[in-house]
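Peer 1: Residue numbers (numbering that gives the first Met the number 0): 0 to 267. Note that beta-carbon positions come from the ideal geometry of N, C-alpha and C, so glycine has one too.
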Amino acid sequence: MYSLWVRNSILTLSFLVCTHVNAETITTEGRAFFPTNISQVDSCNLAFTNAKKNALGLAGLEKNRFNTIDICIENNDVKKCELFQENHSYFDGGFIKSDEILGKPKIVGEGLQRECLITAKFEIKKYQDQPDPNFVLIAELERKRLIEGDDIIIRGETSLPANLYLLGVTDKDKYIKLIPNQFEKTKKINGKFQLPSVEAGKKYSLEAQLPSQSTDIKEITEYIILLATKKDFVLVDEEDEANFHKRLDELGRGNWRKRPLVYSIYKE
Numbered sequence: 000m001y002s003l004w005v006r007n008s009i010l011t012l013s014f015l016v017c018t019h020v021n022a023e024t025i026t027t028e029g030r031a032f033f034p035t036n037i038s039q040v041d042s043c044n045l046a047f048t049n050a051k052k053n054a055l056g057l058a059g060l061e062k063n064r065f066n067t068i069d070i071c072i073e074n075n076d077v078k079k080c081e082l083f084q085e086n087h088s089y090f091d092g093g094f095i096k097s098d099e100i101l102g103k104p105k106i107v108g109e110g111l112q113r114e115c116l117i118t119a120k121f122e123i124k125k126y127q128d129q130p131d132p133n134f135v136l137i138a139e140l141e142r143k144r145l146i147e148g149d150d151i152i153i154r155g156e157t158s159l160p161a162n163l164y165l166l167g168v169t170d171k172d173k174y175i176k177l178i179p180n181q182f183e184k185t186k187k188i189n190g191k192f193q194l195p196s197v198e199a200g201k202k203y204s205l206e207a208q209l210p211s212q213s214t215d216i217k218e219i220t221e222y223i224i225l226l227a228t229k230k231d232f233v234l235v236d237e238e239d240e241a242n243f244h245k246r247l248d249e250l251g252r253g254n255w256r257k258r259p260l261v262y263s264i265y266k267e
């Protein structure tokens, strides 16, 4: 579950992103380790998520993005720098329209090799048209590794006037609206921006939190999703993930851009 909270407001906080018209049905497996410190439900939920990723990959929608970061550590007036390369897989070009788990989840293997195995069928719909190459959305987190309680700040830029929306995804495949909210209206943003904005940031903040229901988790990795649209796009407080992508398809692929933003939260 996402543990990002909008502080001082009533709002709270896998990711499937999604050029052909046809839909296709893919049956695939997903596996996830089932150690003794997590429940079978949690393990099988992760296995189902991995099955989704496998299906999108088999549909030819998996992409890779590489970032090279210069990490420097200074100790006793000696500065040492190393290049670190991040490799993030993401999915673009379509979305999962419907899914069905085939049979019951299976527990396979023993001891440290014990896994939950799920077989599922997915209907994958490819977007009807192409992105607009002149519509650019750039967005980065101010920091990608956060101590619990830190504020999350996003900085970016648009090439055209755009409406901005920030969402999280729960472990129940629901999209949760974060921005716009009662403090922040983000219509017709053109050029550079910050979320929360400097002015609205005096009234609310996005705070990184570990899941409150578990004391064993010391660090987690999560996603939030930034969406930019040329046209108005209505968000509800909570929406099924598949329905959200269907509505984006209806809006037209040339009218929006989406950026997943990955971060980790750890406990000191």
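What do you reckon, are the CB atoms on T228 and L194 nearer than 8 Å?
Peer 2: Residue 228 sits at position 229 when you count from the first residue of the sequence shown. Residue 194 sits at position 195 when you count from the first residue of the sequence shown. No, the Cβ-Cβ distance between T228 and L194 is not below 8 Å.
Peer 1: In chain order, what residues of the same chain have a beta carbon less than 6 Å from the beta carbon of E306, not counting five sequence neighbours either side?
Peer 2: Nothing can be reported for residue 306: it is not among the residues displayed for the chain, which extend from 0 to 267.
Peer 1: Please list, in chain order, all residues of the same chain as I219 whose beta carbon is under 6 Å from its beta carbon, the five residues on each side excluded.
Peer 2: Counting from one through the sequence shown, the residue named residue 219 turns up at place 220. Taken in chain order, the residues that qualify are I264.
Peer 1: Relative to the C-alpha of I25, which residue among C115, I123 and H244 is closest?
Peer 2: Position 26 of the sequence shown, counting from 1, holds the residue named residue 25. Looking at the Cα atoms, I123 is the closest of the given residues.
Peer 1: Return the CA-CA distance between I9 and L225, expressed in angstroms with no decimal places.
Peer 2: In the sequence shown, counting from the first residue as 1, residue 9 sits at position 10. In the sequence shown, counting from the first residue as 1, residue 225 sits at position 226. Summary for I9: the model assigns pLDDT 29, below 50, so the residue's position carries little reliability; its value from the coordinates is reported in the next sentence. Each residue's Cα considered, the two are about 20 Å apart.
Peer 1: In three-state terms, what does DSSP make of K229?
Peer 2: Counted from its first residue, the sequence shown places residue 229 at position 230. It is coil, neither helix nor strand.
Peer 1: Count the other CB atoms within 10 Å of the CB of R256; is the residue buried (16 or more) or exposed (fewer)?
Peer 2: In the sequence shown, residue 256 corresponds to position 257, counting from 1. Flag for R256 reads buried.
Peer 1: Taking S158 as part of the alpha helix (DSSP H), name the residues at either end of that continuous run.
Peer 2: In the sequence shown, residue 158 corresponds to position 159, counting from 1. Where S158 is concerned, there is no enclosing alpha helix (DSSP H), although the beta strand (DSSP E) it sits in stretches over I153 to V168.
Peer 1: By the 10 Å Cβ neighbour count, where 16 or more other Cβ atoms means buried, how is R246 classified, buried or exposed?
Peer 2: For the purposes of this step, residue 246 is identified with residue 247 of the sequence shown, where counting begins at 1. Result: exposed.
Peer 1: Can you list, in chain order, the residues of its chain with a C-beta nearer than 6 Å to that of S42? Leave out the 5 residues immediately preceding and following it.
Peer 2: As a first step, residue 42 is located in the sequence shown; it is residue number 43 there, counting from the start. Excluding sequence neighbours, S42 sits near A31, F33 and C115.
Peer 1: Is it the case that the Cβ atoms of L163 and I188 are separated by a distance below 8 Å?
Peer 2: Residue mapping note: residue 163 aligns to position 164 of the sequence shown, counting from 1. Residue mapping note: residue 188 aligns to position 189 of the sequence shown, counting from 1. Yes, they are a contact pair.
Peer 1: Have a look at F232 and L55 and give me their C-alpha separation to the nearest angstrom.
Peer 2: Taking the sequence shown and counting its residues from 1, one reaches residue 232 at position 233. Taking the sequence shown and counting its residues from 1, one reaches residue 55 at position 56. In a straight line, the C-alpha of F232 is about 25 Å away from that of L55.
Peer 1: Run through the segment 243–267 for me and flag every whole beta strand (DSSP E) of 3 or more residues, listed as ranges in chain order.
Peer 2: For the segment 243–267, whole beta strand (DSSP E) runs of length 3 or above, ordered along the chain, are 255–265.
Peer 1: Which first and last residues belong to the alpha helix (DSSP H) in which G29 is found?
Peer 2: Taking the sequence shown and counting its residues from 1, one reaches residue 29 at position 30. Looking at the DSSP string, G29 is not in any alpha helix (DSSP H); the run it does join, the beta strand (DSSP E), is A22 to F32.
Peer 1: Taking the CB atoms as reference points, tell me whether S158 and F192 lie closer together than 8 Å.
Peer 2: Within the sequence shown, numbered from 1, the residue matching residue 158 stands at position 159. Within the sequence shown, numbered from 1, the residue matching residue 192 stands at position 193. No, they are not a contact pair.
Peer 1: Checking the sheet assignment: what are the DSSP bridge partners for A118?
Peer 2: On the sequence shown, residue 118 is found 119 positions in, with the first residue counted as 1. Looking at the sequence itself, residue 118 is Thr, so the reference to Ala does not match. Answer by DSSP bridge pairing, in chain order: E28.
Peer 1: Which of the three DSSP states is assigned to S42 in this structure?
Peer 2: Translated into the one-based positions of the sequence shown, residue 42 becomes position 43. Of the three classes helix, strand and coil, the one that applies to S42 here is helix, per DSSP.
Peer 1: So A50 packs on A119, CB below 8 Å; how close in whole Å?
Peer 2: Here residue 50 is taken as the residue at index 51 of the sequence shown, counted from 1. Here residue 119 is taken as the residue at index 120 of the sequence shown, counted from 1. That pair is a contact at about 5 Å.
Peer 1: Once you ignore the five residues that flank P160 on each side, which residues in its own chain have a CB closer than 6 Å to its CB?
Peer 2: The residue given as residue 160 occupies position 161 in the sequence shown. Closer than 6 Å at Cβ, skipping near neighbours: K187 and N189.
Peer 1: Report yes if the C-beta distance between N53 and G29 is below 8 Å; otherwise report no.
Peer 2: On the sequence shown, residue 53 is found 54 positions in, with the first residue counted as 1. On the sequence shown, residue 29 is found 30 positions in, with the first residue counted as 1. It is a contact, given that the beta carbons lie within the stated cut-off.
Peer 1: Give the straight-line distance between the Cα atoms of K125 and I95, rounded to the nearest whole angstrom.
Peer 2: By 1-based counting over the sequence shown, the position of residue 125 is 126. By 1-based counting over the sequence shown, the position of residue 95 is 96. Distance between the alpha carbons of K125 and I95: 9 Å.
Peer 1: Looking at L45: is its Cβ nearer than 8 Å to the Cβ of L140?
Peer 2: Walking along the sequence shown from the start, residue 45 turns up at place 46. Walking along the sequence shown from the start, residue 140 turns up at place 141. Going by C-beta atoms, L45 is not nearer than 8 Å to L140.
Peer 1: In terms of residue numbering, what span does the beta strand (DSSP E) encompassing N189 cover?
Peer 2: As a first step, residue 189 is located in the sequence shown; it is residue number 190 there, counting from the start. Per DSSP, N189 belongs to the beta strand (DSSP E) from I188 to L194.
Peer 1: When the Cα atoms are used, what is the spatial distance from T185 to R154?
Peer 2: Looking up residue 185 in the sequence shown gives position 186. Looking up residue 154 in the sequence shown gives position 155. Distance between the alpha carbons of T185 and R154 is about 13 Å.
Peer 1: What are the boundary residues of the beta strand (DSSP E) that V268 is part of?
Peer 2: Look at the range of the chain in this structure, 0 to 267, and you will see that residue 268 is not part of it.
Peer 1: Can you give me the start and stop residues for the beta strand (DSSP E) that L145 sits inside?
Peer 2: Mapped onto the sequence shown, residue 145 falls at position 146. Run containing L145: R144 to I146, per the beta strand (DSSP E) assignment.
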